Amino acid sequence: MLKLQRIVKDYQAGDTTVHALRGVSLQFRESEFVAILGHSGCGKTTLLNIIGGLDHYTSGDLIINGKSTKDFSDADWDSYRNHSIGFVFQSYNLVRELTGYENMVLPLMLDKRKPDEAYLNRLIDILGIRERLDHLPGAMSGGQQQRFAIARALANKPEILFADEPTGNLDGQAGRLVVDLLRELNRELGVTLVLVTHDLGVAEQAERILHLTDGKIVRDSGEAAI
207 MLKLQRIVKD YQAGDTTVHA LRGVSLQFRE SEFVAILGHS GCGKTTLLNI IGGLDHYTSG
267 DLIINGKSTK DFSDADWDSY RNHSIGFVFQ SYNLVRELTG YENMVLPLML DKRKPDEAYL
327 NRLIDILGIR ERLDHLPGAM SGGQQQRFAI ARALANKPEI LFADEPTGNL DGQAGRLVVD
387 LLRELNRELG VTLVLVTHDL GVAEQAERIL HLTDGKIVRD SGEAAI
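With positions in the sequence shown counted from 1, the corresponding number in the numbering used here is that position plus 206.
Structure follows, in structure tokens:
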């Protein structure tokens with residue numbers, strides 16, 4: 207699984223150094239549901255991007271399944287992103303010209319992998335999207351689009367699902383439904399779920415909450431269990 211050791215991430219903004227992450231150390235356990243909670247600008251998305259292989263840390267170490275990533279090649283990172291993780295974003299990022307089903311299997315097609323239809327059918331039923339498989343995104347509600355985005359993120363059977371403010375563009379009822387579905391997928395599939403949010407009500411649905419302030423973990427509700 208994932209382990210972070212004193213992760214630092216600095217950005218240069220003109221003559222100013224921005225300290226986005228300040229020595230973050232933590233680990234994620236298999237099949238747990240973790241929420242990273244904090245205000246805008248505290249470093250939540252930066253942390254998610256680093257553990258998701260979308261950005262690189264300045265110092266420290268990210269250990270994946272017991273292996274340090276300090277010397278990871280581009281091919282190593284590509285393999286990690288394509289096979290081990292899935293990402294759900296606030297903006298659904300569906301391709302407007304493709305149907306729901308085509309959007310769902312797009313990552314598999316790009317990686318030249320054959321879809322596991324039995325597994326995909328299980329996802330479709332859990333997410334309740336069977337009646338929208340042939341619809342284009344423009345003919346779907348925001349909640350339906352987000353459910354297809356979740357299905358796409360899980361189509362490659364990842365070990366970890368990252369969700370960055372997945373309810374940000376949804377009203378209260380649709381947002382609660384999406385969180386309920388994510389929690390059900392976490393239980394049914396055994397996938398580790400790491401969700402970033404600024405909403406305490408959303409974070410409280412998780413079994414473990416990490417409170418991030420100014421690039422530091424200031425509280426970890428599951429720390430004693432590690």
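Backbone N, C-alpha and C define an ideal beta-carbon position, used for all residues, glycine too.
Values in this document were obtained by computation on a predicted structure and should not be read as measured data.
Classified as buried, residue 370 has 16 or more neighbouring CB atoms from the shown chains inside 10 Å of its CB.
Residue 250 sits in a helix when the DSSP states are folded into three classes. Residue environment: residue 217 is assigned as exposed (fewer than 16 neighbouring CB atoms within 10 Å of its CB, all protein chains considered). In this structure the segment 376-388 does not touch the segment 304-322; the number of beta carbon pairs closer than 8 Å is below three. DSSP, reduced to helix, strand and coil, places residue 221 outside both helices and strands of the structure shown, so it counts as coil. Around the beta-carbon of residue 315, fewer than 16 other beta-carbon atoms lie within 10 Å, marking it exposed.
Taking a C-beta distance under 8 Å as the contact criterion, residue 358 and residue 309 qualify as a contact pair. Out of 267, 383, 212 and 211, the CA that lies nearest to the CA of residue 411 is found in 383. Spatial neighbours of residue 349 in its own chain (CB-CB distance under 7 Å, excluding positions within 5 residues in sequence) are listed in chain order as 376, 380, 383 and 384. Between the C-alpha atoms of residue 250 and residue 215 there is a straight-line separation of about 12 Å. When the five nearest sequence neighbours on each side are left out, the beta carbons in the same chain lying within less than 6 Å of the beta carbon of residue 228 are those of 421 and 422, in order along the chain. Listed in chain order, the alpha helix (DSSP H) elements of length 4 or more contained wholly in the segment 304-386 are 306-316, 323-333 and 348-360. Ranked by how close their Cα comes to the Cα of residue 393, the residues 366, 404 and 296 have 366 in first place. For the pair residue 343 and residue 294, the CB atoms are not nearer than the 8 Å cut-off.
If you look at residue 399, you'll find it in the beta strand (DSSP E) that goes 398-403. At a Cβ-Cβ threshold of 8 Å, residue 406 and residue 243 count as neighbours. Taking a 10 Å sphere around the C-beta of residue 255, we find 16 or more other C-beta atoms and assign the residue as buried.
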